[in-house]
Amino acid sequence: MRGGIVGRLMVYLALACVSPLAVPAVAAAQGPPPAEPPPPRIWDVQFGASFIGTNGNSDTSSVGGDFGLNRRWPLWQVEATALAVRASAEEVQTAERYVGAFRVRRRLKPRIGFTAGTKLERDRFAGIDFRAITDAGLTWALVRRPTWTLDGVTAMAVNQERPIDGLDINHPVGLFELMSRIPFAESGATTQRFTYYPDFEDSEAYRLEFELAAQAAMTERFALKFAYLLRRSNVPVAGFEKNDSTTTASVVVQWRAATVAQTQ
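When you read off a place in the sequence shown, starting at 1, and then add 3, the result is the number in our numbering.
Printed below as a string of structure tokens:
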């Protein structure tokens with residue numbers, strides 16, 4: 004079972020790497036290249052919400068919410084995100100996860116920047132009562148095309164972890180991340196993210212995250228979002244699985260400033 008999940012992870016990674024290369028070629032064969040995407044605004048905010056419930060032969064419910072905020076200045080950018088997921092079956096809770104993240108970026112060169120951030124997480128169904136990862140490093144604008152953008156992060160970090168059973172962890176770790184974005188139609192985009200956390204104190208205790216998402220606007224204010232997240236902890240808390248996956252479909256409400264962000 005675990006081998007099958009790892010195998011699917013490798014397939015998803017291959018597709019994520021190949022698809023950005025294939026999309027520009029297909030678009031070029033079909034006609035002229037697309038216009039440049041609209042410039043970002045000085046700020047944007049979005050909220051997403053999802054709910055699934057059944058009654059009768061089965062009694063299940065699932066509720067989720069997410070939040071995202073970006074504020075941009077000529078050289079600086081601030082990002083904040085939050086996520087909450089709860090699920091139950093037959094009045095028994097089966098999943099509960101909370102994540103919050105805050106990140107600051109500063110552009111140093113056209114393709115290089117500084118970044119620092121923190122990520123807080125609670126997922127008792129994965130054995131984690133509390134986890135905090137604080138990092139600082141560099142951002143890399145690897146690809147800038149109308150049909151594809153690719154960004155990277157390389158950073159040093161500290162992982163402070165309190166499992167529901169066992170000793171607390173305070174380890175130096177790394178953060179290596181690739182983030183890809185492929186626009187489609189006039190107001191939609193797919194994103195792909197791969198994050199690797201090597202543990203410099205225990206080389207076996209690395210963690211991986213891989214996320215696929217697609218969001219398409221229905222109106223100026225509302226959009227639909229679909230996402231799949233696969234997480235792997237190579238040395239999980241005793242009694243828990245190495246792999247976790249989450250699939251979500253949500254309605255998103257978004258606001259954007261009228262003013263275009265300025266760059267230097």
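Glycine residues also receive a C-beta, built at the ideal position from the N, C-alpha and C atoms.
Give the single residue among the options whose Cα lies nearest to the Cα of residue i.
i: G155; options: E189, Q163 and I115; result: I115
i: F197; options: W46, R234, F243 and S65; result: R234
i: L86; options: T142, A144, F50 and A129; result: F50
i: E214; options: R110, A192 and L232; result: L232
Using DSSP with H/G/I as helix, E/B as strand and the rest coil, what is residue i?
i: R127; result: helix
i: P201; result: coil
i: Y231; result: strand
i: P212; result: One detail in the question is off: residue 212 reads as Glu in this sequence, not Pro. If DSSP states are grouped into helix, strand and coil, E212 belongs with the strands.
i: T262; result: coil
i: D132; result: strand
i: S190; result: coil
i: D62; result: coil
i: V240; result: coil
i: I185; result: strand
i: T222; result: coil
i: A31; result: For A31, the predicted model reports a pLDDT of 45, less than 50, meaning its position is unreliable and no value from the coordinates is stated.
i: T251; result: strand
i: I45; result: coil
i: T142; result: strand
i: L24; result: For L24, the predicted structure reports a pLDDT of 46, less than 50, and the residue's modelled location is therefore unreliable. A value from the coordinates is still provided. Of the three classes helix, strand and coil, the one that applies to L24 here is helix, per DSSP.
Do you know how far the Cα of residue j is from the Cα of residue i?
i: A25; j: T150; result: Annotation note: pLDDT 46 at A25 (below 50); position unreliable, no value reported.
i: A52; j: T194; result: 19 angstroms
i: L71; j: T84; result: Reading off the sequence, residue 71 comes out as Gly, not Leu. Whole-angstrom Cα-Cα distance: 4 angstroms.
i: R165; j: R134; result: 6 angstroms
i: A220; j: S190; result: 6 angstroms
i: A241; j: V107; result: 35 angstroms
i: A217; j: T250; result: 12 angstroms
State yes or no: is the C-beta of residue i nearer than 7 angstroms to some heavy atom of the ligand SAH?
i: F225; result: Absence of the ligand SAH from the depicted structure is noted, as is the absence of any ligand whatsoever, leaving it without description.
Item checked: Sequence ranges, beta strand (DSSP E) only - wholly within the segment 72-122, length at least 3 -> 79-92 and 95-110
Check: Can at least three beta-carbon pairs, one atom from the segment 248-267 and one from the segment 184-199, be found at a separation below 8 angstroms?
Finding: no
Margin query: What ranges does the alpha helix (DSSP H) occupy inside the segment 153-183, keeping only unbroken runs of at least 4 residues that lie completely in it?
Written below: none
Check: On the three-pair Cβ rule with 8 angstroms, is the segment 92-102 touching the segment 203-214?
Finding: Here the segment 92-102 makes no contact with the segment 203-214; the two share fewer than three CB pairs at distances below 8 angstroms.
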